[in-house]
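Participant:
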Amino acid sequence: MSHLIGKRVSGRYEVIEIIGGGGMADVFKAKDIILDRIVAVKVLQSQFSKDEQFIRRFRREAQAATSLAHPNVVNIYDVGEEGDLYYIVMEYVEGPTLKEYIQQSGPLPATEAVDIMSQIVSAIAHAHANHIVHRDLKPQNILINQNGEVKVADFGIARAISSATITHTNSVIGSVHYLSPEQARGGLVNFKSDIYSLGIVLYEMLTGKLPFFGDTAVSIAIKHLQADIPSVREINPLIPQSLENIITKATAKDPYYRYESAIAMEEDLATALDPERRHEEKYVIADDLDEQTRTIPMIKGDILDQVIDEEKTIELSAKSTNFDESPKKPKKKKRTLKIVLSSLLILVGLFIVLLATIPGLLKVEDVKVPEVIGLEFSEAEKKLTDAKLVVVREDIADNEVEEEHVVRITPAEGSSVKKGSEVKLFVSVGKEKTPMPSLVGLTKSQAERMLHDYKVEFKEKATNDVAPGTVLEQTPEAGTPIVVEEAEVIVTVSVAEKITLHNLVGLSEADVNQYAESEICVLESRF
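Take 217 as the starting number for the sequence shown in the numbering used here and just add one per residue.
(1) In whole angstroms, what separates the C-alpha of residue 423 from that of residue 452?
(2) With residue 467 and residue 499 assumed to form a contact (beta carbons below 8 Å), what rounded beta-carbon distance in angstroms separates them?
(3) Which residues mark the beginning and the end of the alpha helix (DSSP H) in which residue 734 is found?
(4) Kindly indicate which residue of 601, 592, 590, 594 has the alpha-carbon position closest to the one of residue 584.
(5) What are the start and end residues of the beta strand (DSSP E) that includes residue 229?
(6) Take residue 417 as the anchor and find which of 722, 449, 355 has the nearest alpha-carbon.
(7) For residue 256, which residues in the same chain have their Cβ closer than 6 Å to its Cβ, ignoring the five residues on either side in sequence?
(8) Quick check on residue 685: does DSSP put it in helix, strand or coil?
(9) Using 8 Å as the threshold, is the C-beta distance between residue 700 and residue 276 below it?
(10) Between which two residues does the alpha helix (DSSP H) containing residue 422 stretch?
(11) Measuring alpha carbon to alpha carbon, tell me which residue in 689, 680, 444 is nearest residue 714.
(12) So, at 8 Å on beta carbons, what are the nonlocal neighbours of residue 295 in its own chain, with the 5 sequence-adjacent residues on each side left out?
(13) Have a look at residue 709 and residue 687 and give me their C-alpha separation to the nearest angstrom.
(14) From this set, 447, 654, 473, 659, which residue's C-alpha is nearest residue 411's C-alpha?
(15) Report the rounded CA-to-CA distance for residue 658 versus residue 353, giving the unit in angstroms.
(16) Label residue 724 either buried or exposed according to how many other C-beta atoms from any shown protein chain fall within 10 Å of its C-beta, with 16 as the threshold for buried.
(17) Would the beta-carbon of residue 582 fall within 8 Å of that of residue 634?
(18) For residue 674, does the three-state DSSP call read helix, strand or coil?
(19) Here's a check: name, in chain order, each residue in its chain whose Cβ is nearer than 8 Å to the Cβ of residue 692, leaving out the five neighbours to either side.
(20) Roughly how many angstroms separate the alpha carbons of residue 654 and residue 226, rounded to a whole number?
(21) Would residue 342 and residue 650 qualify as a contact pair, given that the criterion is a beta-carbon distance under 8 Å?
(22) Per DSSP, residue 624 forms a beta bridge with which residues?
(23) What do you reckon, is the C-beta of residue 299 under 7 Å from a heavy atom of the ligand FAD?
(24) Put residue 707 into one of helix, strand or coil per three-state DSSP.
(25) Can you tell me whether residue 599 is helix, strand or coil according to DSSP?
(26) Pick out whichever of 458, 397, 409 has its Cα sitting closest to the Cα of residue 434.
(27) Can you grab the Cα-Cα spacing for the pair residue 413 / residue 430, in whole Å?
(28) Just the Cα atoms here: how many angstroms apart are residue 648 and residue 350?
(29) Along the chain, where does the beta strand (DSSP E) containing residue 297 start, and where does it finish?
(30) Once you ignore the five residues that flank residue 694 on each side, which residues in its own chain have a CB closer than 8 Å to its CB?
(31) Taking DSSP's pairing of strands, which residues face residue 679 in a bridge?
(32) Return the chain-ordered list of same chain residues with a C-beta closer than 8 Å to the C-beta of residue 219, the five sequence neighbours on each side being excluded.
(33) Do you know whose CA, among 626, 707, 426, 432, lies nearest residue 448's CA?
(34) Is DSSP giving residue 306 helix, strand or coil here?
(35) Relative to the alpha-carbon of residue 409, which residue among 484, 485, 344 has its alpha-carbon at the smallest distance?
(36) Going by C-alpha to C-alpha distance, which of 556, 563, 609, 629 sits closest to residue 589?
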């Protein structure tokens with residue numbers, strides 16, 4: 217797209233030079249000639265401009281991202297199109313990406329890594345609070361300005377791209393290193409998917425390398441699904457145990473065991489370098505502990521000895537009366553031999569009984585996971601509880617399934633599991649909602665571009681306080697979660713206030729000018 221250099225996009229953004237790019241978009245440095253400032257313009261690759269579904273989602277997500285206002289988020293100023301050219305105008309950040317910074321500096325000191333990660337997590341927590349999931353967190357999307365401030369970019373483009381075909385492998389290869397297991401298997405993505413990616417980014421900052429490598433995107437994705445994240449302390453023992461624990465918790469294969477929220481991760485990072493946490497106990501994911509608990513241990517020798525000794529004591533005391541009845545030593549030896557043999561037989565018998573009965577006592581009955589998809593949560597929960605299963609709930613947005621009804625279940629319906637096992641219900645919270653973009657202060661044409669996919673009604677309000685065509689009010693308010701296809705948006709735009717002109721015939725020029733000033737109007741003199 218070098219042909220854009222020297223040209224103006226939408227008559228406003230004068231392209232200066234290309235400063236970055238990838239499989240999805242190219243980034244240009246440009247000048248906003250209206251506001252006289254340097255901006256970055258991200259232009260979608262041409263192959264995406266033909267995909268109508270992708271373009272609709274791109275517009276929607278990019279517009280939603282304009283509602284984010286945080287010091288660690290790259291500001292989005294404008295979203296637009298010109299012919300087949302789709303673009304996002306954003307804050308220009310002078311400085312390297314985090315990827316470039318790691319490549320230049322190598323592994324970062326723990327203090328610096330925590331400082332950078334705290335800023336990133338703060339930005340992600342803000343996005344999550346506004347119902348926006350990034351979905352493509354990686355060092356290439358994180359910028360560091362000349363003051364050392366961290367800026368997270370591509371909130372607008374990431375989610376739209378996640379629905380694009382995987383055949384655009386240049387981008388997929390770059391992103392798969394930071395992909396959560398649920399993304400790798402094509403499952404539902406939520407806030408905890410971002411938390412997994414944050415853990416991988418922290419790993420890379422501390423070690424200077426990625427946890428998984430492979431020749432193809434698929435081979436790397438499989439490792440995210442199956443392999444444990446390598447220990448950062450095995451690479452560098454000077455890294456505090458607290459930081460390894462944060463990585464372990466953030467990158468749990470099952471989202472259930474990750475941090476509940478980005479805020480929880482941020483709070484953990486805040487104390488990670490405290491002296492008392494430097495050598496804290498190694499964090500082990502609860503699921504691993506459960507696996508250990510389910511393993512039937514060997515019966516220890518001292519327990520078996522205790523059982524045998526009790527039996528032997530009873531048997532010996534019963535026989536001891538006969539010993540006293542016969543003082544002859546040969547008989548005593550014979551009887552002693554019989555007692556020893558009897559004891560051995562008892563021991564063998566007990567051992568056989570233990571082998572036969574203990575597995576049966578410890579064996580947990582199998583049950584089938586009931587059919588609950590489509591049921592109300594309360595009804596589904598009762599069916600699963602009646603089947604002696606433990607229910608874990610996870611709320612997700614779904615455009616098809618009614619609110620409070622079950623979307624899916626893990627393990628699948630009809631599968632055999634042990635009684636008392638956990639099953640996870642994914643429960644619909646209704647249709648996917650997007651934060652209402654902020655429109656007040658924009659021009660009507662800018663608002664129209666942002667509301668391309670919305671049902672919108674424009675109203676007019678006469679005022680001379682602002683320039684005509686400026687958005688004065690909006691309903692719903694900015695940031696309100698809405699279903700785009702269903703929301704009814706009302707935008708009030710300013711128009712010039714009308715006045716009734718008095719009869720000026722016969723007045724002097726001075727009187728006419730005084731009248732014009734009092735009525736805030738401009739008069740044109742013609743002779």
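Where is the CB? At the ideal position from N, CA and C, for every residue including glycine. From a predicted model like this one, the values you see are computed outputs, not experimental measurements.
Facilitator: Working from what's here:
(1) 7 Å
(2) Not confirmed; about 11 Å, so no contact.
(3) 725 to 734
(4) 601
(5) Element bounds for residue 229: 229 to 237.
(6) 355
(7) 243, 306, 308
(8) coil
(9) yes
(10) 407 to 423
(11) Out of 689, 680, 444, 680 has the C-alpha closest to the C-alpha of residue 714.
(12) 275, 278, 279, 282, 303, 304, 305, 372, 665, 666
(13) 4 Å
(14) Measuring C-alpha to C-alpha distances from residue 411 to each of 447, 654, 473, 659 identifies 473 as the nearest.
(15) 30 Å
(16) Burial call: exposed.
(17) Going by C-beta atoms, residue 582 is nearer than 8 Å to residue 634.
(18) strand
(19) 652, 698, 703, 705
(20) 21 Å
(21) no
(22) Note: residue 624 is bridge-paired with 642 in the DSSP secondary-structure output.
(23) Although the ligand FAD was asked about, the structure shown includes no ligands whatsoever.
(24) strand
(25) helix
(26) 397
(27) 18 Å
(28) Roughly 15 Å between the two C-alpha positions.
(29) 292 to 298
(30) 283, 651, 652, 653, 654, 655, 656.
(31) According to DSSP, which records beta bridges pairwise, residue 679 is partnered with nothing at all.
(32) So the list is empty, once near-sequence residues are dropped.
(33) Per the C-alpha coordinates, the member of 626, 707, 426, 432 positioned closest to residue 448 is 426.
(34) Three-state result, residue 306: strand.
(35) By alpha-carbon distance to residue 409, the top candidate from 484, 485, 344 is 344.
(36) 629
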